[in-house]
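Residue numbers (the working numbering), protein chains in the order written: chain A, 21 to 135; chain B, 38 to 924.
Every residue gets a Cβ at the ideal spot worked out from N, C-alpha and C, and that includes glycine.
Structure first, commentary second.
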Amino acid sequence: MPSPTPLPLGEFEQLVLLAILQLGPDAYGVGIGRKLEEETGRGVSRGALYTTLDRLEDKGLVRWKLVAGSAERGRLPRRIYSVSATGLTALRAAQQAFRRLARGLDHILRDPSVK
Amino acid sequence: MSRAPFTPPAIARRLLVLALPTGARGDTIAGDLDEEFRHRAAGSRLGASLWYWRAACGVSLRMSADRWRRRHTGPPPPPRASLMDTLLQDIRQGAYTLARARRFTTASLATLAIGIGAATAIFSVVNAMVLRPLPYPNADRLMWAAETLPTGGVMTLSWPNYQDWHARLTSFEAFGASRRVTYTLTDAGDAMRLEGRQVTWDFLPVLGITPAMGRPFQKDDDRPSPVHPVLLSDSFWSTTLGRDPNIVGRKLTIDGQPHEVVGVLPPGFRYVLDYAVYEPVGVVGSGDGFPDRGNHVGLLAVGRLKPGVTEAAARQEVQALAVALSREYPNSNSGQGAHLETLASRFVGDLQPRLIALFVAVGLLLLIACVNVANLLIAHGATRRHEMAVRSALGGGRLRLIRQLLVESMLLSTAGGVLGVAVGAALLQALLAVAPATLARIEEVRLDSVTLLFALGVTVLSGLVFGTLPAVIASNAGSSQMLVRAGRGGVAGSHRLRRGLVMVEVALAVVVLCGSGLMIRTMLRLTNADPGFTVGNLITAKYAIRGGDKWTDASIRTFHDDVITRARTLPGVTDVALTTSLPIEGSNWGSVFVVGDQPVPPRADIPSAAFNPVSPRFFSTLGLKLKEGRVFTDADRENAPTVAVVSERFAKRFWPNESAIGKRLKQGWPEWTTPWREIVGVVNDVKLNGVENDAPLLVYLPLAQQLSPSVILIARTDGRTAGTGQAIRQLVTGLNSTVPVYDIRTMDEVFGVRVAQQRLTMIVFAVFGSVALVLAAVGLYGVVSHGVADRTREIGVRVALGATPRQVLRLFLSQGAITTTLGIVVGAGAAIGLTRFLKDLLFETTPNDPLTIAAVVVSLFAVSIVACYLPALRAARVDPTSALRGE
Chain A
21 MPSPTPLPLG EFEQLVLLAI LQLGPDAYGV GIGRKLEEET GRGVSRGALY TTLDRLEDKG
81 LVRWKLVAGS AERGRLPRRI YSVSATGLTA LRAAQQAFRR LARGLDHILR DPSVK
Chain B
38 MSRAPFTPPA IARRLLVLAL PTGARGDTIA GDLDEEFRHR AAGSRLGASL WYWRAACGVS
98 LRMSADRWRR RHTGPPPPPR ASLMDTLLQD IRQGAYTLAR ARRFTTASLA TLAIGIGAAT
158 AIFSVVNAMV LRPLPYPNAD RLMWAAETLP TGGVMTLSWP NYQDWHARLT SFEAFGASRR
218 VTYTLTDAGD AMRLEGRQVT WDFLPVLGIT PAMGRPFQKD DDRPSPVHPV LLSDSFWSTT
278 LGRDPNIVGR KLTIDGQPHE VVGVLPPGFR YVLDYAVYEP VGVVGSGDGF PDRGNHVGLL
338 AVGRLKPGVT EAAARQEVQA LAVALSREYP NSNSGQGAHL ETLASRFVGD LQPRLIALFV
398 AVGLLLLIAC VNVANLLIAH GATRRHEMAV RSALGGGRLR LIRQLLVESM LLSTAGGVLG
458 VAVGAALLQA LLAVAPATLA RIEEVRLDSV TLLFALGVTV LSGLVFGTLP AVIASNAGSS
518 QMLVRAGRGG VAGSHRLRRG LVMVEVALAV VVLCGSGLMI RTMLRLTNAD PGFTVGNLIT
578 AKYAIRGGDK WTDASIRTFH DDVITRARTL PGVTDVALTT SLPIEGSNWG SVFVVGDQPV
638 PPRADIPSAA FNPVSPRFFS TLGLKLKEGR VFTDADRENA PTVAVVSERF AKRFWPNESA
698 IGKRLKQGWP EWTTPWREIV GVVNDVKLNG VENDAPLLVY LPLAQQLSPS VILIARTDGR
758 TAGTGQAIRQ LVTGLNSTVP VYDIRTMDEV FGVRVAQQRL TMIVFAVFGS VALVLAAVGL
818 YGVVSHGVAD RTREIGVRVA LGATPRQVLR LFLSQGAITT TLGIVVGAGA AIGLTRFLKD
878 LLFETTPNDP LTIAAVVVSL FAVSIVACYL PALRAARVDP TSALRGE
């Protein structure tokens, strides 16, 4: 089997990538963690978050640049993340698989509480 | 915000920084967590802190693990069989092996349970009485002090001397004194006798004790007053006064005088005994001869050392002060010194050498048990030679084999330890049941966590002691030729070793048995010692007349006379007397005296004797023998000429070559105005202070001429002693209900109390001795019978070649005898060296008592011959054809 360009992504990796895209220029550790907690409604382990970010970086799916920190964090620098082109490709592939599989299941998948 | 910004938990943050990579990567993460912490802290600080801890720990762990994984690219190494896994495997395997070898396991467990159990029981006693500090705060700094006689004996303090000590000693941060007294309580129905202590107001604070209820004594309490303040013990308050919640302030009538309860002491507090009542000693005022420096009024001092002051320094100071006082007051103090020791050692007193002897004996017993189990293990190992050879051939390393065997011994010792603690608890119960309740600190004896820790230590240690050697030997089987040889024949080396072990066992048994023998002999001597009077069929009862001014000398005399007259008519009573001291129990009155026809010696050399006022029929009631002159009669009344009867030893000491009759003596110092007394009779010596001490110089005075309100009634009966004690009680309280009767005992019981320690030591030693004997015999039996089993083929060959059963029997018997003899020789040598440490515990028995050693040697030899005979007989009956066919 010829190896497909997009690497397979785990669920948490997809969530992290989506959060980075949502946050844009504010995508650094604190923001990503909080966004994930807001949207998923569960606590996010900071350990898991940072190791996932490292792993995504290793795979070339995210990039980051260093920005000076505010007084609020003792002037420690921030890493602002962005999704790389490879990252976008991988995310698209994963999302397409999702959408294909979810096709025609709206009546089941729609949250009944949202009328 | 006006206040300083709230910062993340410092420890958590430091942990995080350590785990994070250095440089910007790490900084950004630390910064993120700081920032988020501040956000959260605006809500709940506690919540924020908890969150930070969780996040910091999570990040640290995940990042470290991740980094480790990156560094070791490639798959993680396959999990090796961990130490824990193989250990568990060993334990399972060991348990299985032990469960299969049921007889071996039972024998080992029984041996270990006895050894560990005995050690645990004795240790809990030693721990409670010697090792554990007294139950007072910082008890290690508490000292006990008293004066000493010119002859060196300990003597109580006089009141003026105590006050000088209190004022002049600088080694102590607190110093007080107390004396034992008895009281009569007359509020609660029949008169009740109470044990109490008169204490200086600062005595209880020295011990660090404050009342649980009410107030402590104050300086002002320590002086004469119409209403005496008292502190009560918790148990007296609970049992007699029904835990009256309004006890503080309540008035009690004690000795006919009003006493006011000012407080209740904490539960469990004891000073030597559980005294019911404490009263300031100052209420005595100028009574009881308190102002007299030469009158030693029963006070004993306790002091709390200042921090940094040593016991030796304090002793030096007290002794120097005593010397100074003897110069300042030569009339009363010349030749007197001071004695100081720790309060803890004073409490346990002469029990300590006894306990140490028992502890050593139990250690030897435990060692015998270990040697025995080692022996069993080696024998067991021999039967497993094949298993070991196979295991080693299949690649079991030698260390692994040793470990497997050690795990087995540990399993064995652990099970033995658990059983041992149970045995120890039972032994302790038995021991406490036969122990006299008057033993100091006996109430503190129990199986506590320290004892359990000790048992655990002993268990582990014994497992190593008996397990190591057999494990090394058995693992030797791991050589390939053993697989070939394993099927047949014995291993001479291991057999020789087992013989050596049995020899050690016999030697240890000799030592323990010699100790037991000496104790038994001491006990025999004590019970057979002649006390100087006829012990059987005597009932004793004490009564004390108290109650202030209501009694006069005349009414006390009449009361005593009435008691004697009526007691004589009780059924079964043949003779009745009153005395102030009981033989064996001890003298209640020691005093200096001067003799009429001899020059008065220098003050320090003035002799002292026990003085005992008695009623006329005392001598006939006890069965004393009159040596010369006459005993007292009813005519020796208060207004008759003053007379005395002395003991034989007294007469011989002062008039070795002439009769003592007609000589004169005077109780007290030369300048005292006490009356001169004419010696009218000499009677035989009586053991006054225990059986083990020689009869003292003894002077009897007529009770009518030397009146005492507290006396002991002695009644000789015709054997019907059962109801007599109760009848005496009814008789006395019938005459006057405020006079309490107490300590109703037969003379045999008085004896029993005095020899209780010796009896207890003897019982424990005797039990240890028997166990040692049995263990040694079992060890010997095991070795010989195993030797027989191992050499069946050899025996078969011998018999086939013409050896008679007699010769075979002799072969094995002589081998057993050689082992035993060697053990006995070594053991006897050790015993001769060791038993001298028992010297202080013996009575009329020398530590190397030849009879004892001979008895031990003979009995051990006899037992071991029996132990060898049984398996040797089996050897003699070996059938050569079946033995050889076994090949």
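On the DSSP bridge assignment, give the partners of residue i in chain order.
i	result
LEU404 (chain B)	BP columns for LEU404 (chain B) are empty, so no partner.
ASN726 (chain B)	B:GLU622
TRP713 (chain B)	B:LYS703
LYS876 (chain B)	LYS876 (chain B) is not bridged to any residue.
ASP78 (chain A)	For ASP78 (chain A), which the question treats as bridged, DSSP gives no partner whatsoever.
HIS376 (chain B)	B:ALA183
TRP84 (chain A)	A:TYR101
ARG341 (chain B)	B:LEU179, B:ALA211
Could you check whether the Cβ of residue i sits closer than 8 Å to any Cβ belonging to chain A?
i	result
VAL54 (chain B)	no
ALA67 (chain B)	yes
ALA61 (chain B)	yes
PRO113 (chain B)	Unreliable placement is indicated for PRO113 (chain B), whose pLDDT of 46 sits below 50; the coordinate value is still reported in the next sentence. Taking Cβ atoms only, chain A never reaches closer than 8 Å to PRO113 (chain B), which makes this a no.
ARG108 (chain B)	no
Mind checking if residue i is an interface residue toward chain B, Cβ cutoff 8 Å exclusive?
i	result
ASP46 (chain A)	no
ARG30 (chain A)	Before going on, a small fix: residue 30 (chain A) reads as Gly here, not Arg. Chain B, which has no Cβ nearer than 8 Å to the Cβ of GLY30 (chain A), makes this no.
ARG62 (chain A)	no
Output the boundary residues of the beta strand (DSSP E) element that contains residue i.
i	result
SER901 (chain B)	It is not in any beta strand (DSSP E) - SER901 (chain B) instead sits in the alpha helix (DSSP H) that spans 887-913.
ASN370 (chain B)	Looking at the DSSP string, ASN370 (chain B) is not in any beta strand (DSSP E); the run it does join, the alpha helix (DSSP H), is 367-370.
LEU222 (chain B)	209-222
SER645 (chain B)	645-651
PHE630 (chain B)	627-632
VAL613 (chain B)	610-616
GLU316 (chain B)	314-317
THR290 (chain B)	288-291
Report the neighbours of residue i on chain B: residues whose CB is nearer than 9 Å to its CB, in chain order.
i	result
GLY49 (chain A)	THR65, ILE66, GLY68, ASP69, LEU70, GLU72, GLU73
ALA122 (chain A)	By Cβ distance, chain B contributes nothing, its closest Cβ being about 32 Å from ALA122 (chain A), past 9 Å.
Taking Cβ-Cβ distances shorter than 9 Å, what residues in chain A pair up with residue i?
i	result
ALA49 (chain B)	Going along chain A, no residue has its Cβ under 9 Å from ALA49 (chain B), so there is no contact; the nearest lies around 12 Å.
For residue i, go through chain B and note every residue whose CB falls closer than 7 Å to its CB, in chain order.
i	result
THR71 (chain A)	ARG99, MET100, ASP103
SER65 (chain A)	GLY95
ALA68 (chain A)	ARG99
For the alpha helix (DSSP H) containing residue i, name the first residue and the last one.
i	result
VAL54 (chain B)	47-56
ASN198 (chain B)	196-205
ILE869 (chain B)	842-871
GLU58 (chain A)	49-60
ILE510 (chain B)	486-512
LYS662 (chain B)	Run containing LYS662 (chain B): none; DSSP gives neither H nor E here.
Listed from N- to C-terminal order along the chain, which residues in the segment 72-103 of chain B have their beta-carbon within a distance smaller than 7 Å of any beta-carbon of chain A?
GLU72, GLU73, ARG75, ALA92, GLY95, VAL96, LEU98, ARG99, MET100, ASP103
Going along the chain, which residues of the segment 73-102 of chain A sit with their C-beta nearer than 7 Å to a C-beta in chain B?
Those residues of the segment 73-102 of chain A that come within reach of chain B (Cβ to Cβ, closer than 7 Å) are ASP74, LEU86, GLY89, GLU92, ARG93, GLY94, LEU96, PRO97, ARG98, ARG99.
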